[in-house]
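Going from the sequence shown to our numbering is simple: count from 1 and add 938. No residue lacks a Cβ here, since even glycine has one placed at the ideal position from N, Cα and C. Quick caveat, the model's predicted, so the values are computed rather than measured. Reading through the structure tokens given below for one structure.
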Amino acid sequence: MAYSELYVCDTCDYDATLVHAEEWQAGRNGEISPYPGYGAFGGLVNRLWCPECQTVRPYVFLRLSPPADHAVVAYAEAQRLGCDGRETGPCPACQTELTWQADTVPCPSCKTGTLRYTGGWE
Ligand SMILES: [Zn+2]
Ligand SMILES: [Zn+2]
């Protein structure tokens, strides 16, 4: 039940997708991978804009311990903790506070365009 927002540069074809409450699974090196459709759920992650890195970074707001077999466990736990998928936190790369404000940020690819909110989907 993740919710995605697409931002597209008004000058080049660069785009960025922010995601609310995506199910994730720990990858081989501990990275936060989108849930592949099988195996255990690690929890829920938001993918937000880092103004410093100028790219999308993951912020894990729910980490199940141990990982659960069903996504419903993750959503029930998120509800219990009062999470709504709008949580923000520090960038895992540079520690800058991540933001949902990707609309009108300068395009990191062409440097002349501006990212614009284009649409969202579940
Ligand atoms: Zn651009
Ligand atoms: Zn960063």
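Express the C-alpha separation of residue j and residue i in angstroms, rounding to a whole number.
i, j, result
"Cys991", "Tyr997", "14 Å"
"Ser1064", "Leu986", "Here the chain covers residues 939 to 1060 and nothing more, so residue 1064 does not appear."
"Arg1018", "Ala1009", "14 Å"
"Pro1046", "Thr993", "8 Å"
"Ser1003", "Glu969", "16 Å"
"Pro1005", "Phe979", "5 Å"
"Trp1038", "Asp951", "20 Å"
"Thr902", "Glu1025", "Outside the shown range of the chain (939 to 1060) lies residue 902, about which nothing can therefore be said."
Any heavy atom of ligand 1 closer than 7 Å to the beta-carbon of residue i?
i, result
"Ser1003", "no"
"Thr949", "yes"
"Gly1051", "yes"
"Cys932", "This structure does not reach residue 932, given that the chain is present from 939 up to 1060, and the question cannot be answered."
Ordered along the chain, which non-local residues of its own chain (more than five positions away) have a Cβ less than 8 Å from that of residue i?
i, result
"Cys1032", "Cys988, Glu990 and Cys991"
"Leu982", "Ala959, Glu960, Glu961, Trp962, Val998, Phe999, Leu1000, Ala1012, Tyr1013, Ala1016, Cys1021 and Gly1023"
Ligand 2 and residue i: does any heavy atom of the ligand fall closer than 7 Å to the residue's C-beta?
i, result
"Thr1037", "no"
"Thr1026", "no"
"Cys1045", "no"
"Glu990", "yes"
Helix, strand or coil for residue i per DSSP?
i, result
"Leu1036", "coil"
"Arg1024", "coil"
"Val946", "strand"
"Arg1054", "strand"
"Ala1016", "helix"
"Val1043", "coil"
"Ala940", "coil"
"Ala964", "strand"
"Ala1031", "coil"
Once you ignore the five residues that flank residue i on each side, which residues in its own chain have a CB closer than 7 Å to its CB?
i, result
"Pro972", "Glu960 and Trp962"
"Asp1041", "Tyr945, Leu1053, Arg1054 and Tyr1055"
Cutting at 6 Å between CB atoms, please list the residues of its own chain near residue i, excluding the five before and the five after it.
i, result
"Thr1050", "Thr949"
"Val957", "Ala940, Ser942 and Arg985"
"Cys1048", "Thr949 and Cys950"
Just checking residue i against ligand 3 - is the residue's beta carbon closer than 7 Å to any of the ligand's heavy atoms?
i, result
"Tyr952", "In the structure on display, ligand 3 does not appear, and the ligands it does have are ligand 1 and ligand 2."
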